[in-house]
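Reviewing the structure listed below.
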Amino acid sequence: MIEEVTVPETKHRYVCTCFWASWCPSCSRLLPELERSRTEFLEFEFEMIDIDEFPDNIEQFDLFVLPTIIISIDNEMKTRLIGYSPELLTNALNVARQSIT
16 MIEEVTVPET
26 KHRYVCTCFW
36 ASWCPSCSRL
46 LPELERSRTE
56 FLEFEFEMID
66 IDEFPDNIEQ
76 FDLFVLPTII
86 ISIDNEMKTR
96 LIGYSPELLT
106 NALNVARQSI
116 T
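In the working numbering, each residue carries its 1-based index in the sequence shown increased by 15.
So this is what it looks like as structure tokens:
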């Protein structure tokens, strides 16, 4: 069963993009945290990009470590997180959230 969620209306676009790979143990540990964040930070779109499916992203986004998370507002990168840290992810999303109010 899919739960319907109401997304708050905003005039800007807020995106949390996670670059990951299925063979990356840290990425696997991060996935549940991203799902939790998706329900807490409703104003953000969450994108998961598998670098094995989209290898051009490695060079385009200077990906040297996985997972790498980029938080952007209106297509402008605000934060770049490298590696697995649920606390840093939550803090970065909270800081970005505060910048939009």
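Glycine is no exception: its CB is placed at the ideal position from the N, C-alpha and C atoms.
Backbone secondary structure at residue i - three-state DSSP
i, result
"Cys33", "strand"
"Ile84", "strand"
"Glu62", "strand"
Buried versus exposed, by CB contacts within 10 Å (16 or more), residue i
i, result
"Trp38", "exposed"
"Pro47", "exposed"
"Ser87", "buried"
"Leu57", "exposed"
"Lys54", "The displayed chain sequence assigns Thr, not Lys, to residue 54. Exposed, since its Cβ has fewer than 16 Cβ neighbours within 10 Å."
Straight-line Cα distance separating residue j from residue i
i, j, result
"Asp71", "Ile97", "18 Å"
"His52", "Glu68", "The sequence shown places Ser at residue 52, not His. Ser52 and Glu68: Cα-Cα distance of roughly 24 Å."
"Thr94", "Pro40", "23 Å"
Contacts around residue i, its chain only, beta-carbon distance under 6 Å, and the 5 residues preceding and following it disregarded
i, result
"Met63", "Cys33"
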